[in-house]
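Colleague: In the UniProt record's numbering, the protein residues as written are 1 to 141. Heads up, the beta-carbon is just placed ideally off N, CA and C, and yes, glycines get one too.
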């Protein structure tokens with residue numbers, strides 16, 4: 001896609017700080033560096049989000065993530081690592097080319113955080129079963 005910043009990075013039109021590249025995937029440092037070592041992993045084929053991602057493209061992306069994560073761990077010795085993917089503007093996606101963030105955690109005050117409000121008391125086992133069944137009914141195997 002001609003106006004996609006990540007496609008321009010893939011094509012070499014915009015420079016990046018490359019961490020890994022093969023025929024199908026490119027990994028490079030996020031320019032914002034939420035924490036030191038913050039890396040993006042993207043498919044070379046343009047897909048806007050996970051809903052458009054083919055199983056083959058997903059396989060290519062996720063088969064390299066553990067190796068990149070281990071390299072980040074070896075280099076920076078983080079106390080943890082967040083793997084994050086935002087799909088859609090409401091979820092925080094700002095670049096509409098599918099990508100996965102690998103965010104090394106260097107402590108609770110490292111500048112990154114995510115907080116979930118639990119809704120456990122709002123759901124019964126029966127309502128959870130109903131939700132699971134309704135999702136499962138849309139999965140083709």
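May I have the straight-line CA-CA distance separating residue 93 from residue 66, to the nearest angstrom?
Modeller: Roughly 23 Å between the two C-alpha positions.
Colleague: Considering only the alpha carbon of each residue, which of 128, 141, 29 lies closest to residue 120?
Modeller: For residue 120, the nearest C-alpha among the options comes from 128.
Colleague: CB residue 68 to CB residue 98, shorter than 8 Å?
Modeller: Not a contact, by the Cβ cut-off of 8 Å.
Colleague: Quick one, which of 137, 38, 52 has its alpha-carbon nearest residue 82's?
Modeller: Comparing Cα positions, the closest option is 38.
Colleague: Should residue 76 and residue 104 be called a contact, given that it needs their Cβ atoms to be closer than 8 Å?
Modeller: Yes, Cβ-Cβ distance for residue 76 and residue 104 is below 8 Å.
Colleague: With which residues is residue 20 paired in a DSSP beta bridge?
Modeller: Per DSSP, 27.
Colleague: Would you call residue 118 buried or exposed, if buried means 16 or more other Cβ atoms sit within 10 Å of its Cβ?
Modeller: Per the 10 Å Cβ criterion, exposed.
Colleague: In whole angstroms, give me the CA-to-CA distance for residue 36 and residue 95.
Modeller: Residue 36 and residue 95: Cα-Cα distance of roughly 20 Å.
Colleague: Using 8 Å for Cβ pairs, my map puts residue 5 next to residue 28. What's the rounded Cβ distance?
Modeller: The Cβ separation is near 12 Å, so there is no contact.
Colleague: For residue 101, write down the residues that DSSP places opposite it in a beta bridge.
Modeller: According to DSSP, residue 101 bridges with 40, 84.
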